[in-house]
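Below you'll find the structure, written out as structure tokens, and then a few comments.
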Ligand SMILES: [Cu+2]
């Protein structure tokens with residue numbers, strides 16, 4: 016108060032003085048008083064696109080420009096609404112002749128203005144020119160508290176230069192860390208330099224590359240709710256217009272980003288109009304929630320058109336997973352996406368990276384899933400052929416030549432290549448997920464090496480490679496450092512392996528230019544040759560559990576199931592079989608049938624545990640290609656250890672053996688070994704890796720080879736084990752495991768309603 020009354024006296028004296036000066040000058044121009052009321056407070060702003068708390072004056076940053084004429088008196092009544100922070104404003108370049116107490120420097124000319132109080136600055140602008148004002152308390156200026164002071168000549172007087180207009184441009188640099196964090200780092204031991212600013216601002220506008228920001232992980236487990244509307248939409252993912260399935264309009268669907276321990280709740284609204292749906296959460300073990308596994312016919316009745324179904328499950332382990340349709344061949348229509356689970360904040364990661372990106376790999380057919388499933392289940396059998404395109408994050412490029420633009424338009428932005436924009440010098444964790452319908456792929460980035468660190472949610476003993484083979488249903492994390500010449504871009508390329516390719520490579524761009532993208536100046540890498548099986552077996556053998564993260568498998572199995580993979584005929588229809596049994600689903604889901612003790616749903620006999628290995632030649636077309644179909648399932652003793660030997664063989668065409676990626680629901684298995692030729696139980700078990708086997712949920716069975724797995728039947732429920740090739744699964748290439756059903760309780764009633772479960776609700 017003392018200060019204010021003094022100020023008033025001073026202003027009166029000053030006005031008198033100014034009047035006298037004006038009279039003496041005889042100019043007749045009156046100096047005026049410019050009176051401002053400013054409220055200073057924090058507000059969220061995004062001056063360079065990144066949201067940050069900034070200091071505003073009357074809601075503006077930079078603050079309002081003070082426009083005055085020579086010898087005007089400027090009065091600023093400043094109210095500090097910063098809540099918990101003092102403020103002082105310096106009038107930079109104003110000489111404060113006669114008013115040194117208004118220079119606005121905390122600790123030199125004044126006490127700072129306390130929160131909730133108002134202070135009046137008052138000074139004369141006694142020289143024309145361009146000046147500034149800004150905070151002068153701590154490092155507060157960096158929070159954006161500044162502005163311009165323009166002092167013009169009095170009316171009638173002119174500058175010694177001419178101009179039509181008068182504009183202000185404030186130049187600034189910008190940090191994302193708060194002034195508090197900066198000040199703390201500077202005054203700490205060890206000293207922590209504030210580093211270089213993130214952006215340069217021109218009049219409070221800049222542009223930070225937001226794609227380099229990771230979504231901050233939360234440090235406590237939470238529930239994450241999603242509402243997904245599933246619809247058909249016309250999409251041109253590879254430039255060719257096709258009905259695709261979208262989730263909330265997107266194909267592929269949205270990524271679920273969560274933290275280990277979170278509960279995921281997804282309300283799926285089926286708006287497909289004429290088609291059921293079920294969504295499987297691939298790699299999520301569903302411990303305690305077997306009814307949320309999302310497999311039509313096994314764990315639930317499919318969601319009917321117009322209905323909403325809620326999936327609830329816990330993501331109990333950090334890693335890279337995915338989701339996809341598990342109804343008919345519906346996955347091919349694009350109903351899939353990624354699930355990225357990160358470690359809780361503070362948990363040490365076993366590898367370092369700067370930024371985290373997801374890449375979904377898939378193949379794409381122009382014919383619908385209906386046409387494909389019809390042709391596969393017809394006599395004569397009609398193979399679906401090779402996919403038309405390979406997609407990287409839902410983008411491919413089909414050659415439209417000869418097609419009407421309404422059908423295929425290569426300039427459609429939907430099919431412009433996926434661009435992974437990188438910052439030179441940074442290391443990226445690329446989370447790769449293969450959701451191909453058919454194709455085994457090789458993934459590579461031109462001139463960049465990759466370090467493989469994760470597979471199917473398990474840490475891999477790191478190894479460096481130029482290309483990564485990835486099979487449908489697998490996920491990997493690779494670390495890639497953007498360490499090549501940043502003046503150009505590089506190809507990301509995928510190509511088909513394991514089948515004679517008729518599909519062009521899928522291409523995307525590894526982009527070093529944040530503002531625009533340039534097509535790389537080189538030809539895309541063609542990738543490894545498709546039929547070198549040894550390269551692929553070598554990679555399979557290289558993938559081991561990371562030291563320090565090894566989970567030791569039980570030394571011996573309680574049960575060994577050998578599964579011979581063959582292509583067969585049943586009543587003239589082509590099928591795929593295990594030990595000559597091709598699976599067919601009952602109309603009532605197994606989980607419910609077993610829970611409700613329904614005895615007439617499926618064949619109660621156990622499927623065969625072996626084949627006639629002594630007399631079967633895996634290298635030639637079988638003498639008798641006929642098989643049986645069955646609804647029977649393997650019942651496993653709860654907590655028992657089960658070995659699965661997958662044995663490959665010749666198909667019904669001479670000299671052809673295909674790659675089958677096998678996926679187990681509800682569990683991870685130890686990968687004990689891979690071999691070529693026929694598995695020999697007395698000899699090949701010696702080759703098992705019991706020291707550091709990787710655990711996975713999906714594993715390739717290589718042509719004419721075998722793959723040995725071990726798992727513990729420790730998750731009560733009913734679980735599919737199947738080839739992840741959509742057409743093979745559709746043609747019966749699956750088995751079903753049950754264990755611990757007596758421990759399954761409270762299956763949601765929403766899972767009921769089909770087959771004989773209807774009867775349970777009759778009044
Ligand atoms: Cu297969």
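Residue numbers (the numbering used here): 16 to 778.
Where is the CB? At the ideal position from N, CA and C, for every residue including glycine.
With 16 other CB atoms within 10 Å as the buried threshold, where does residue 739 fall? The residue labelled residue 739 in the question sits at position 724 within the chain shown. The residue in question, residue 739, is buried, as its Cβ has 16 or more Cβ neighbours within 10 Å.
When you compare only the Cα positions, how much space is there between residue 631 and residue 290? On the chain shown, residue 631 is found 616 positions in, with the first residue counted as 1. On the chain shown, residue 290 is found 275 positions in, with the first residue counted as 1. When rounded, the distance between both Cα atoms is 42 Å.
Using a Cβ-Cβ cut-off of 8 Å (strictly less than) and excluding sequence neighbours within five positions of residue 320, which residues of its own chain qualify? Position 305 of the chain shown, counted from the first residue, corresponds to residue 320. Correct list, in chain order: 285, 286, 287, 288, 289, 290 and 291.
Could you check how far apart the C-beta atoms of residue 336 and residue 294 are, in whole angstroms? I think they sit under 8 Å. In the chain shown, counting from the first residue as 1, residue 336 sits at position 321. In the chain shown, counting from the first residue as 1, residue 294 sits at position 279. Not confirmed; about 13 Å, so no contact.
Whose C-alpha, out of 589, 428, 312 and 473, is nearest the C-alpha of residue 684? Start at 1 with the first residue of the chain shown, and residue 684 comes out as number 669. Taking only the C-alpha atoms, the option nearest residue 684 is 473.
Check whether the stretch 686–701 and the stretch 722–729 are in contact - that is, three or more C-beta pairs closer than 8 Å. yes
Can you list the alpha helix (DSSP H) stretches of 4 or more residues lying completely in the stretch 616–651, in chain order? none
Could you check which residue in 390, 153 and 48 has the C-alpha nearest to that of residue 122? By one-based count along the chain shown, residue 122 stands at place 107. Nearest of 390, 153 and 48 to residue 122, Cα basis: 153.
On the DSSP bridge assignment, give the partners of residue 183 in chain order. Stepping through the chain shown from its first residue, residue 183 is reached at position 168. Residue 183 is not bridged to any residue.
Does any heavy atom of ligand 1 sit closer than 7 Å to the C-beta of residue 748? Here residue 748 refers to the residue found at position 733 of the chain shown. Yes; taking the cut-off as 7 Å, the Cβ of residue 748 has a heavy atom of ligand 1 nearer than that.
Could you say which of 655, 400, 348 and 515 lies nearest to residue 572 if we only look at CA atoms? Your numbering for residue 572 matches position 557 in the chain shown. The shortest Cα separation from residue 572 among 655, 400, 348 and 515 belongs to 655.
To the nearest angstrom, how far is the alpha carbon of residue 391 from that of residue 361? By one-based count along the chain shown, residue 391 stands at place 376. By one-based count along the chain shown, residue 361 stands at place 346. So the two alpha carbons sit approximately 51 Å from each other.
Between 62, 98, 143 and 115, which has its C-alpha nearest residue 85's C-alpha? To locate residue 85, count along the chain shown from 1; it is residue 70. Measuring from the Cα of residue 85, the nearest candidate turns out to be 143.
Can you list, in chain order, the residues of its chain with a C-beta nearer than 6 Å to that of residue 42? Leave out the 5 residues immediately preceding and following it. Within the chain shown, the letter at position 27 stands for residue 42. For residue 42, the pLDDT reaches just 45, beneath the cut-off of 50, and the residue's location in the model is therefore unreliable, although a value from the coordinates is still provided. Here the set comprises nothing.
Residue range of the alpha helix (DSSP H) that residue 384 falls in? Here residue 384 refers to the residue found at position 369 when the chain shown is read from its first residue. Where residue 384 is concerned, the enclosing alpha helix (DSSP H) stretches over 384–391.
Own chain residues within Cβ distance below 6 Å of residue 277, not counting five before or after: Indexing the chain shown from 1 puts residue 277 at position 262. These residues qualify, in order along the chain: 236, 237, 239 and 330.
Would you kindly check if the distance between the Cβ of residue 155 and the Cβ of residue 190 is under 8 Å? By 1-based counting over the chain shown, the position of residue 190 is 175. By 1-based counting over the chain shown, the position of residue 155 is 140. Contact: no.
Grab the span of the beta strand (DSSP E) containing residue 476 for me, first residue to last. The residue you call residue 476 lines up with position 461 of the chain shown. From DSSP, the beta strand (DSSP E) with residue 476 extends over 473–480.
Just to confirm my understanding: we take residue 781, look at its own chain, exclude 5 residues before and 5 after, and list those with CB closer than 7 Å. What are they? There is simply no residue 781 to check, as the chain begins at 16 and stops at 778 in what is shown.
Output the boundary residues of the alpha helix (DSSP H) element that contains residue 555. As a first step, residue 555 is located in the chain shown; it is residue number 540 there, counting from the start. That run of the alpha helix (DSSP H) goes 548–557.
Among all the DSSP beta bridges, which residues are the ones paired with residue 161? The residue given as residue 161 occupies position 146 in the chain shown. Per DSSP, 149.
Within the continuous alpha helix (DSSP H) that includes residue 830, where are the two ends? The requested residue 830 does not occur in the structure, where the chain is confined to residues 16 to 778.
Residues near residue 756 in its chain [Cβ-Cβ closer than 6 Å; skip 5 each side]: Within the chain shown, numbered from 1, the residue matching residue 756 stands at position 741. Excluding sequence neighbours, residue 756 sits near 609.
Report the option in 664, 514 and 430 whose CA atom is closest to the CA atom of residue 250. If you number the chain shown from 1, residue 250 lands on position 235. Residue 430 is the option with its Cα nearest to residue 250.
With a threshold of 8 Å, are at least 3 pairs of Cβ atoms found where one atom belongs to the stretch 548–567 and the other to the stretch 467–487? yes
Is residue 402 near residue 385, with beta carbons less than 8 Å apart? In the chain shown, counting from the first residue as 1, residue 402 sits at position 387. In the chain shown, counting from the first residue as 1, residue 385 sits at position 370. Not closer than 8 Å, so no.
When 445, 463, 478 and 225 are compared against residue 499, the one with the closest alpha-carbon: Position 484 of the chain shown, counted from the first residue, corresponds to residue 499. Closest option to residue 499, Cα to Cα, is 463.
DSSP bridge partner residues for residue 505 (one or two, in chain order): Within the chain shown, residue 505 is the residue found at index 490, counting from 1. Note: residue 505 sits in a beta bridge opposite 525.
Beta-carbon contacts of residue 80 that lie in its chain and below 7 Å, excluding the five residues immediately before and after: Start at 1 with the first residue of the chain shown, and residue 80 comes out as number 65. Closer than 7 Å at the Cβ level, and outside the excluded window around residue 80, lie 162, 163, 165 and 183.
In angstroms, rounded to a whole number, what distance separates the CA positions of residue 398 and residue 663? Translated into the one-based positions of the chain shown, residue 398 becomes position 383. Translated into the one-based positions of the chain shown, residue 663 becomes position 648. Roughly 20 Å between the two C-alpha positions.
Look at the Cβ atom of residue 438, then the Cβ atom of residue 408, and state whether they are nearer than 8 Å. In the chain shown, counting from the first residue as 1, residue 438 sits at position 423. In the chain shown, counting from the first residue as 1, residue 408 sits at position 393. No; because the gap between Cβ atoms is not below 8 Å, this pair is not in contact.
Evaluate residue 395 with the Cβ neighbour count: other Cβ atoms within 10 Å of its Cβ, from every protein chain shown; 16 or more gives buried, anything less gives exposed. Within the chain shown, the letter at position 380 stands for residue 395. Residue 395 is exposed by the Cβ-count criterion.
Going straight from the alpha carbon of residue 280 to that of residue 90, what length do you get? Looking up residue 280 in the chain shown gives position 265. Looking up residue 90 in the chain shown gives position 75. So the two alpha carbons sit approximately 58 Å from each other.
Measure the alpha-carbon distance for residue 258 versus residue 333 and round it to whole angstroms. Here residue 258 is taken as the residue at index 243 of the chain shown, counted from 1. Here residue 333 is taken as the residue at index 318 of the chain shown, counted from 1. Roughly 34 Å separates the two Cα atoms.
Where residue 494 and residue 373 are concerned, what is the direct C-alpha to C-alpha distance, given to the nearest angstrom? The count along the chain shown starts at 1 and reaches residue 494 at position 479. The count along the chain shown starts at 1 and reaches residue 373 at position 358. Each residue's Cα considered, the two are about 12 Å apart.
Does DSSP put residue 155 in a helix, a strand or coil? The residue labelled residue 155 in the question sits at position 140 within the chain shown. If DSSP states are grouped into helix, strand and coil, residue 155 belongs with the helices.
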